């Protein structure tokens, strides 16, 4: 008996040692606009789910999701009913789709990811259906599905007969969404038709750390743009099928024992559907054809199917790239590495007069060692989930006195909680809420902050409303160049009412060794309940250049100062809202934010995976006097109101910030010249852009300018390289609505009409020299 008791005690200790903190800590999230008694955190077992692999848990799981009447069937979108639905370890048998609501996260135990296992008679479009077809249309407009996560699961369709159509996950979504740490298990039998991940629409997005085992297709995908990192495919017939895209970046793929690696042949060479794909730091092992493409020298549109490969390892891959008329690039029965290869249009300084159509070897980028890991690949790091950290090592901001109701002043309570957590070597848990702050919040070295279902730090008041005296809302590091590292994940920084001097994030830290990190940290400026920057205050006014001072809402989204260095950013969206998320019609609004992401770090060394910056007046991304920058599939949009007013209103250029003045540089430039730059690079070196989607859809709220028929006339220019730039490299530059795709010192390099693609224009390779 004593021995049995001892074994039980040991088992209990082991269980406690493996316990995942998210399931054990107190959850005190406050959703101030959801109604009394609304619970942000839900454990599916509290709603009756067993997780025993025998009981049908479908209804219990969906009950956990739907508690409190969140934004489900027929709802447009919302920020008012956030939810984090937690799955402890176990096997959850399901017979129909799990349908997460808008603004809902599904998170499993990171130490022992739960399994969602389909019954043999499963009915539904995906074990997880992230955007159901209740009618002939998706429930939510895919380009407006924001702020969602699914992570830490095994999705298993092996009970479903191999010849029966089955989908592991349906995920047509857009910015500020992510999938992480998910395994898809499918049958491997002859005649299998299962698909792991299916995406047919949207404007993504970021996905990382997925594994696909078996099935007909690992991932069948179509979206405007995406960054996908660290995906593994084992024993699939085809690892990836592209339905369509404008631009897609893959980093760190591992494709093993598949017949075809990546199929981008949709539409055939007469009407290619894939715009462009960038693939780097990846491997194919025992694959018949690594890449199957529809591209040929006579493809239509002219640059569709643009493909750039860099640092690709092949082992027993007979064909590297197969075109419609034969092999474009041979593989090997042994082991070989492709330094760089591509097809599409290229521009170099020597060929600045026009594009060169090519299919062949590309000069591989000269990668600085500071950006690489010990294998020679670009450095990556997945979002920390603190799997081995006990619940006792977390400090709750709500327990520290912050209210998170969007109206109370939480400045002192939030600052004290951060300082206490750092002093005690603990992680700060930012329970869901809207934390209103009236002065700068300082984040010291050593801080670790993780949010619950995207809580919001909300600046307010006169301290942040002087356009001539900008101040940071979050200041990471007290002074520029202060040594240290921090880890920030899963929260939002925003502004309330007029905030003409607010810099949402100021980054000062210089990492002495391993980089600091930001994962799923977003700037959301306006367009949500509590912001006081919605339809009622800032309704769009097409045709009027008058500026409502109450709608000047941010000076800058993010500023990386001169002394800072060493920052890893993953899935960061710096968005000034173009519409009201909490309006049933998603009505457009006009908000004025001066600048997007400004990096002027002299030491540099930054990694940007799956970032985007949208609707800022002067520019979306600006790099000045910096170096060693990796950018994977950046995405931008020009403000919809421009040119009424143009980019110089209401923010006057500040010379000390290297702001564009649109003065002499616009002399002789026809059309809408004073419009926000998508990307501006000044006096910088070692800049590597692996995919870019830079879009200008509107002119004074009209989209008639953004087609080839209209001459892509929304603005004159969208990318500018100025001054002393060297080793600036851009792969698969996709632009919409801009006549000049890229300028260097004011001279046009690439013209939209020379580079027609599926909807954008595309330049596959640009190298500055």
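Residue numbers (mature numbering (1 follows the signal peptide of the UniProt record, and there is no 0)): -19 to -1, 1 to 750.
We treat Cβ as the ideally placed atom computed from N, Cα and C, and that holds for glycine.
Note that this is a predicted model, so its numbers are computed, not measured.
Once DSSP output is grouped into helix, strand and coil, what is the label at residue i?
i           : result
residue 4   : helix
residue 530 : helix
residue 78  : strand
residue 564 : coil
residue 125 : helix
residue 352 : helix
residue 749 : coil
residue 28  : helix
residue 559 : coil
residue 733 : helix
residue 512 : coil
residue 629 : coil
residue 498 : strand
residue 660 : strand
residue 134 : strand
residue 265 : strand
residue -2  : helix
residue 599 : coil
residue 636 : helix
residue 307 : strand
residue 374 : helix
Go through its chain and collect everything with a Cβ distance to residue i's Cβ below 6 Å, but skip five positions before and after it.
i           : result
residue 244 : 219, 222, 273
residue 198 : 176, 219, 222
residue 110 : 78, 80, 151
residue 481 : 446, 448, 533
residue 131 : 87, 160
residue 729 : 721
residue 414 : 11, 385, 436
Could you spell out where the beta strand (DSSP E) holding residue i opens and where it closes?
i           : result
residue 400 : No beta strand (DSSP E) contains residue 400, which is instead part of the alpha helix (DSSP H) from 392 to 404.
residue 616 : 608 to 618
residue 431 : 429 to 432
residue 180 : 176 to 180
residue 653 : It is not in any beta strand (DSSP E) - residue 653 carries neither H nor E in the DSSP assignment.
What does DSSP give as the partner residues of residue i in its beta bridges?
i           : result
residue 715 : 674, 743
residue 338 : 326
residue 191 : 163, 212
residue 229 : 207, 258
residue 537 : 484, 576
residue 277 : Per DSSP, none; premise fails for residue 277.
residue 585 : 546
residue 453 : 484
residue 703 : 663
residue 300 : 270, 311
In whole angstroms, give me the CA-to-CA distance for residue i and residue j.
i           : j           : result
residue 601 : residue 696 : 14 Å
residue 612 : residue 673 : 8 Å
residue 485 : residue 537 : 7 Å
residue 475 : residue 365 : 23 Å
residue 559 : residue 238 : 45 Å
residue 786 : residue 296 : As shown, the chain starts at -19 and ends at 750. That puts residue 786 outside it, with no answer to give.
residue 388 : residue 487 : 24 Å
residue 660 : residue 103 : 47 Å
residue 185 : residue 529 : 31 Å
residue 727 : residue 646 : 6 Å
residue 116 : residue 106 : 13 Å
residue 361 : residue 610 : 13 Å
residue 467 : residue 408 : 11 Å
residue 181 : residue 402 : 43 Å
residue 637 : residue 605 : 11 Å
residue 738 : residue 286 : 8 Å
Which same chain residues end up closer than 7 Å to residue i when comparing Cβ atoms and leaving out the 5 residues on each side of it in sequence?
i           : result
residue 686 : 680, 694, 695, 718
residue 248 : 254, 275
residue 190 : 161, 162, 211, 363
For residue i, report the span of its alpha helix (DSSP H) as first-last.
i           : result
residue 85  : No alpha helix (DSSP H) contains residue 85, which is instead part of the beta strand (DSSP E) from 85 to 89.
residue 764 : Absent from the structure is residue 764, since the part of the chain shown begins at -19 and ends at 750.
residue 40  : 39 to 47
residue 483 : First-last for residue 483: 483 to 488, but that is the beta strand (DSSP E), not the alpha helix (DSSP H).
residue 101 : Careful: residue 101 lies outside any alpha helix (DSSP H), inside the beta strand (DSSP E) at 96 to 110.
residue 518 : 516 to 519
Please confirm whether any heavy atom of the ligand NAP lies closer than 6 Å to the CB of residue i.
i           : result
residue 565 : In the structure on display, the ligand NAP does not appear, and there are no ligands present to speak of.
Excluding the 5 residues preceding and the 5 following residue i in the sequence, name in chain order all residues of the same chain whose CB lies nearer than 8 Å to its CB.
i           : result
residue 4   : 24, 67, 69, 90
residue 749 : 330, 702, 706, 707, 708, 709, 710, 725
residue 396 : 422, 423
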